[in-house]
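Q: Just passing along the structure, written as structure tokens.
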Amino acid sequence: MTELTTIDQSRAEYDSLPFVNPSLLMYATKSLKHFRAAQLGDITSDTSDAKQLGDFSHKALLEPHIDLTKEVKRQMLEPGTTDFAIWTGKVRNGRAWAEFQEDNAEKTIIRQQDLDAAYDRAKTAITVSKAVLANTTAAALLEGTKTEQTVTCELCEVMCKGRMDAYKPGVIVDLKTCRDPSNYAFGKQCAQLRYNVRLGCYRAFVEAVNGQRPEVWLIAAETSPPYDVAVYRPPEQFLDNGWLVAEKALKAIAEAERTDYWPGVCESSEILYVPNWAMEEQEADLVDWGA
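Here it is, written out as structure tokens:
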């Protein structure tokens, strides 16, 4: 197996590369207008509790040198602030709230329960990490890998980048946190969240660089007791379908770059698609679906 030259980079260094990554590309599968808005920073990234827990879990397992206590503070602080101001009031309005905001204009105002919840997610992430390493199949899969590896290439006239969770010659490993790691439930999550597009990109990027298609493996890690862990090999057809979606998006991005035309989801007019249940003729004399 030919060795792939990947790049050890910090997250900040990776983010600074002006290339298209799978997360950004996903916006183009909705419309080029959405892609362009995300590219320019007009669309904010997911900041949900589940997203934060997943991020913490990745760091606990793949970047154990990171202090998650400090990471909580870094993520929760607003830009330009260096400390928190804990709001203990019941509601965030009225005179007391206005005065508190004024007195703490240079701090991030946060409720104690929200800060505590973030620290709890960090603790859970450490437990998830330990569970993954305690799983013999997952541990064997991760053995010998380099983590958080950057790969770059040009595909469809677009410069692309990817940050793989873990890589060793011929093998890509991706960690996913989940509520239910059982086969069907996790497979449903993979389909709903379109993991195959991202994984299809990683596979294509590696193949573009060294000419050999790697295996792709998923580690599904449960985020609540008993913190079960499962290892899955996604079907090649699933990954193929994901790459077809990504490839179509990349070609559209390349064309949009040439023409500086970034169309939205519907540039003219179309017949509206509605669910089948909404097409039932309950009152045929009042509702004409053919009109």
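Residue numbering for the sequence shown follows our numbering, beginning at 1 and increasing consecutively. Note that beta-carbon positions come from the ideal geometry of N, C-alpha and C, so glycine has one too.
Specify, as a first and last residue, the run of the beta strand (DSSP E) that Thr147 falls within.
A: For the purposes of this step, residue 147 is taken as residue 147 along the sequence shown, with counting starting at 1. Note, Thr147: beta strand (DSSP E), 146-155.
Q: Mind checking Gln113: buried by the 16 CB within 10 Å criterion, or exposed?
A: Counted from its first residue, the sequence shown places residue 113 at position 113. By the neighbour-count rule (16 or more Cβ atoms within 10 Å), Gln113 is not buried but exposed.
Q: Within its chain, find whatever has a CB closer than 8 Å to the CB of Leu155; leave out the 5 residues flanking it on each side and keep chain order.
A: Counted from its first residue, the sequence shown places residue 155 at position 155. Only Ala204, Phe205, Ala208, Glu247, Leu250 meet the Cβ criterion.
Q: In terms of residue numbering, what span does the alpha helix (DSSP H) encompassing Glu304 cover?
A: Within the shown structure, residues of the chain are numbered from 1 to 291, placing residue 304 beyond reach of any answer.
Q: Is Ala278 helix, strand or coil by DSSP?
A: Here residue 278 refers to the residue found at position 278 when the sequence shown is read from its first residue. Helix.
Q: How big is the Cα-Cα spacing for Tyr232 and Thr145?
A: On the sequence shown, residue 232 is found 232 positions in, with the first residue counted as 1. On the sequence shown, residue 145 is found 145 positions in, with the first residue counted as 1. Each residue's Cα considered, the two are about 17 Å apart.
Q: Exposed or buried, what is Cys266 when buried is set at 16 or more other beta-carbons lying within 10 Å of its beta-carbon?
A: The residue you call residue 266 lines up with position 266 of the sequence shown. Exposed, because fewer than 16 other Cβ atoms sit within 10 Å of the Cβ of Cys266.
Q: What's the call for Lys90, buried or exposed, on a 16-neighbour Cβ count within 10 Å?
A: For the purposes of this step, residue 90 is taken as residue 90 along the sequence shown, with counting starting at 1. Lys90 is exposed by the Cβ-count criterion.
Q: Please work out which residues of its chain come closer than 6 Å, Cβ to Cβ, to Ala291, disregarding the five sequence neighbours upstream and downstream, and give them in chain order.
A: Counting from one through the sequence shown, the residue named residue 291 turns up at place 291. Any reading at Ala291 must be qualified, since the residue scores a pLDDT of 47, below 50, and its modelled position is unreliable; no value is offered.
Q: Going by the beta-carbon positions, is the gap between Asp240 and Leu199 smaller than 8 Å?
A: Position 240 of the sequence shown, counted from the first residue, corresponds to residue 240. Position 199 of the sequence shown, counted from the first residue, corresponds to residue 199. For Asp240 and Leu199, no; Cβs fall outside 8 Å.
Q: Using 10 angstroms around the beta-carbon of Ser10, count the other beta-carbons present and answer buried if the total reaches 16, otherwise exposed.
A: Within the sequence shown, the letter at position 10 stands for residue 10. It is exposed - the Cβ of Ser10 has fewer than 16 other Cβ atoms within 10 Å.
Q: Taking just the CA atoms, how far does Thr152 sit from Tyr184?
A: For the purposes of this step, residue 184 is taken as the residue at position 184 of the sequence shown. For the purposes of this step, residue 152 is taken as the residue at position 152 of the sequence shown. Approximately 33 Å, taken between the alpha carbons.
Q: By a C-beta neighbour count over all protein chains shown, 10 Å radius and 16 as the cutoff for buried, is Met159 buried or exposed?
A: Locating residue 159 in the sequence shown gives position 159, counting from the first residue. Under this definition Met159 is an exposed residue.
Q: Would you decide whether Leu244 is buried or exposed? Buried here means 16 or more other CB atoms lie within 10 Å of its CB.
A: On the sequence shown, position 244 is the one that residue 244 refers to. Leu244 is exposed by the Cβ-count criterion.
Q: DSSP three-state label for Arg36, please.
A: Taking the first residue of the sequence shown as position 1, residue 36 is located at position 36. Arg36 falls in the helix class under three-state DSSP.
Q: Near Glu71, which residues of its chain fall below 8 Å by C-beta distance, leaving aside the five closest residues on each side in sequence?
A: Counting from 1 along the sequence shown, the entry for residue 71 is found at position 71. Phe56, Lys59, Ala122, listed in sequence order.
Q: Of the choices Ala131, Pro234, Glu215, whose alpha-carbon is the least far from that of Thr223?
A: As a position in the sequence shown, residue 223 is number 223, starting the count at 1. Nearest option by C-alpha distance: Ala131.
Q: For Ser16, count neighbouring Cβ atoms within 10 angstroms of its own Cβ and tell me buried if that reaches 16, exposed if not.
A: In the sequence shown, the residue the question calls residue 16 occupies position 16. Ser16 should be labelled exposed.
Q: To the nearest angstrom, how far is the alpha carbon of Gly242 from that of Thr29?
A: Translated into positions along the sequence shown, residue 242 becomes position 242. Translated into positions along the sequence shown, residue 29 becomes position 29. If you take the alpha carbons of Gly242 and Thr29, they lie about 11 Å apart.
Q: Applying the 10 Å Cβ sphere with the 16-neighbour rule, what's the burial state of Thr44?
A: Locating residue 44 in the sequence shown gives position 44, counting from the first residue. Answer is exposed; the Cβ neighbour count stays below 16.
Q: In chain order, what residues of the same chain have a beta carbon less than 8 Å from the beta carbon of Tyr119, not counting five sequence neighbours either side?
A: Walking along the sequence shown from the start, residue 119 turns up at place 119. Excluding positions up to five away in sequence, the list reads Thr69, Val72.
Q: Go ahead and pull the three-state DSSP assignment for Gly170.
A: Your numbering for residue 170 matches position 170 in the sequence shown. Coil at Gly170, not helix or strand.
Q: Which residues mark the beginning and the end of the alpha helix (DSSP H) in which Ile126 is found?
A: On the sequence shown, residue 126 is found 126 positions in, with the first residue counted as 1. Here the alpha helix (DSSP H) through Ile126 covers 112-134.
Q: Between which residues of its own chain and Glu215 is the CB-CB distance below 8 Å, once the five residues before and five after are set aside?
A: By 1-based counting over the sequence shown, the position of residue 215 is 215. Excluding residues within five positions, the ones whose Cβ falls inside 8 Å are Gly170, Val171, Ile172, Arg233.
Q: So Gln192 and Tyr167 are in contact, right, with Cβ under 8 Å, and what is the actual spacing, rounded?
A: The residue labelled residue 192 in the question sits at position 192 within the sequence shown. The residue labelled residue 167 in the question sits at position 167 within the sequence shown. Wrong, their Cβ atoms sit about 26 Å apart, outside the cutoff.
Q: Only counting the same chain, and skipping five residues up and downstream in sequence, which positions put a Cβ closer than 7 Å to that of Ile66?
A: Along the sequence shown, read from residue 1 onward, the residue named residue 66 stands at position 66. Within the same chain, Ile66 has close Cβ partners Lys59.
Q: Look at the Cβ atom of Gln189, then the Cβ atom of Cys201, and state whether they are nearer than 8 Å.
A: Position 189 of the sequence shown, counted from the first residue, corresponds to residue 189. Position 201 of the sequence shown, counted from the first residue, corresponds to residue 201. Cβ atoms of Gln189 and Cys201: not closer than 8 Å.
Q: Report the three-state DSSP secondary structure of Phe100 (helix, strand or coil).
A: The residue you call residue 100 lines up with position 100 of the sequence shown. Three-state result, Phe100: helix.
Q: Out of curiosity, what's the CA-to-CA distance linking Asp42 and Phe35?
A: Stepping through the sequence shown from its first residue, residue 42 is reached at position 42. Stepping through the sequence shown from its first residue, residue 35 is reached at position 35. Rounded to the nearest angstrom, the two C-alpha atoms are 10 Å apart.
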